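Have a look at the structure below, then the notes.
Numbering (my numbering), first residue to last: 108 to 245.
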């Protein structure tokens, strides 16, 4: 649970529980707040993407291109987007740069996930170490 813009926890397991603290950062409260806001919104989007993925799987039909892109934007691309945005915010870049890097990250995440899915469908299991088609079956 986020208790302030300066500190929030990331659970890594009982004995490995860690807290990521921005309170010791040299960033101003405004920048720290931006970082926490970006990360918390990304977490919500990821959860929404997982729900979309489950719903698409339950449909027993191949999703449309737009449904697929929407789902991977929320499940994977948002991670790349928030990483790029938080890097720009931490570097105290102007809002335009944060937006541009966010867009870059989202697009990179989409490209990454499409590539990963194609490898999962057509990849050589001897190279990838994963059975071909497992993602489709699940």
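Note that the Cβ used here is the ideal one computed from N, Cα and C, for glycine as well.
In this text the structure is predicted, and so the values were computed from the model without any measurement.
Query                                                                                                                                                             : Result
Please report the distance separating the alpha-carbon of residue 196 from that of residue 225.                                                                   : 33 Å
Give the DSSP-derived three-state secondary structure of residue 163 in the structure shown.                                                                      : helix
Rounded to a whole number of angstroms, what is the C-alpha to C-alpha distance between residue 176 and residue 186?                                              : 15 Å
Tell me which residues share the same chain as residue 170 and place their Cβ nearer than 8 Å to its Cβ, disregarding the 5 neighbours each side in the sequence. : 163, 178
Would you mind reading off the limits of the alpha helix (DSSP H) that contains residue 227?                                                                      : 202–229
Using C-beta distances below 7 Å, list every residue in its chain close to residue 211, excluding the 5 sequence neighbours before and after it, in chain order.  : 191
Could you give the distance in angstroms between the alpha-carbon of residue 181 and the alpha-carbon of residue 156?                                             : 5 Å
Does DSSP classify residue 199 as helix, strand or coil?                                                                                                          : coil
Within 10 Å of its beta-carbon, does residue 188 have 16 or more other beta-carbons around it, so buried, or fewer, so exposed?                                   : buried
How many angstroms separate the CA atom of residue 133 from the CA atom of residue 199?                                                                           : 11 Å
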